[in-house]
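These notes are about the structure you will find just below.
Numbering (UniProt numbering), first residue to last: 1 to 323.
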């Protein structure tokens, strides 16, 4: 187990290095920088002022020097400095990380739990009215873009019915106690979490249904029925458990798209997370902040795949970590 973890952590280090290099080349190939943004906001700037800004931000050095400096900072666990916010990048990310993790975790739980339940019932009552309804619902939900759900949710549930807040993470000016704060955050979380989780829910429902239909005709299922076990117990203990491996695989793959969708949902729903921070960093051409955000997102995806690999061994003992 320890050998496996060391081997995977070495792979994570290599992936992180490649991500830094790829993102640096990509961002540097885009014209314009933070000095151009600041000069544009001021309305006018002399060449001397622009040179002074680039020297202050370290943008006057060669690309190789900037890259080696950034690698050196990462080796010392320093993510650099955001000249736009006048704060260390690490501070900015740590401020936004809890909100993004809360949103990703909630939307992932919502999509997995509801999707697996829908897929399970669709397979249990296959070719029936419920199965056809789930299939139609999955096709429609999967075809609609995430931002449309967010905008329609705001118009319908926040503006028209006033059941949910329009945006933000807490009510402005409210000073409730600890339980009140948790309830307020949960109330604000409902719309962005459901918005982000809806399209992924459809995938989980379809994968669960297809996986269970493959397991239904297998011999061990017929043996369980021959022993007199109820159909509900056979479905839950034998069929569903053996159908979960594709769902676990999909969960690991979906985390990357969830992070991408979080940029849209956090912007539409004004959720103060890393996705919204990334959108602001792109607008400001804050390369130090963007590089670190991309690196953190990549590490989250790689570490989640490591967790999924370990979970494989728990769900199916035939899968050994050594292999």
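Note that beta-carbon positions come from the ideal geometry of N, C-alpha and C, so glycine has one too.
Helix, strand or coil: how does DSSP classify residue i here?
{"i": "residue 98", "result": "helix"}
{"i": "residue 64", "result": "helix"}
{"i": "residue 246", "result": "helix"}
{"i": "residue 47", "result": "helix"}
{"i": "residue 161", "result": "coil"}
{"i": "residue 171", "result": "coil"}
{"i": "residue 19", "result": "helix"}
{"i": "residue 126", "result": "coil"}
{"i": "residue 227", "result": "coil"}
{"i": "residue 194", "result": "helix"}
{"i": "residue 29", "result": "coil"}
{"i": "residue 58", "result": "coil"}
{"i": "residue 166", "result": "coil"}
{"i": "residue 200", "result": "helix"}
{"i": "residue 4", "result": "helix"}
{"i": "residue 76", "result": "coil"}
{"i": "residue 70", "result": "helix"}
{"i": "residue 218", "result": "coil"}
With distances taken Cα to Cα, identify the nearest neighbour of residue i among the options.
{"i": "residue 68", "options": "21, 230, 32, 151", "result": "21"}
{"i": "residue 155", "options": "310, 166, 146", "result": "166"}
{"i": "residue 152", "options": "32, 269, 248, 299", "result": "269"}
{"i": "residue 273", "options": "192, 241, 202, 254", "result": "192"}
{"i": "residue 171", "options": "159, 186, 160, 161", "result": "186"}
{"i": "residue 11", "options": "306, 310, 121, 312", "result": "306"}
{"i": "residue 111", "options": "143, 31, 203", "result": "203"}
{"i": "residue 148", "options": "190, 120, 100, 198", "result": "198"}
{"i": "residue 231", "options": "121, 115, 164, 246", "result": "121"}
Just curious, the alpha helix (DSSP H) that residue i is in, first and last residue?
{"i": "residue 143", "result": "129 to 143"}
{"i": "residue 153", "result": "146 to 153"}
{"i": "residue 37", "result": "34 to 42"}
Based on the DSSP secondary-structure assignment, which residues constitute the bridge partners of residue i?
{"i": "residue 88", "result": "81"}
Can residue i be considered in contact with the ligand GTP, in the sense that its beta carbon sits closer than 6 angstroms to one or more heavy atoms?
{"i": "residue 189", "result": "With respect to small molecules bound, the structure shown includes none, and the ligand GTP cannot be examined in it."}
With a threshold of 7 angstroms between beta carbons, is residue i in contact with chain C?
{"i": "residue 170", "result": "Protein chains in the displayed structure number just one, and chain C is not present."}
**Request:** Jot down the residue ranges of each uninterrupted alpha helix (DSSP H) in the segment 245 to 294, minimum 4 residues, whole runs only, in chain order.
**Result:** 274 to 284
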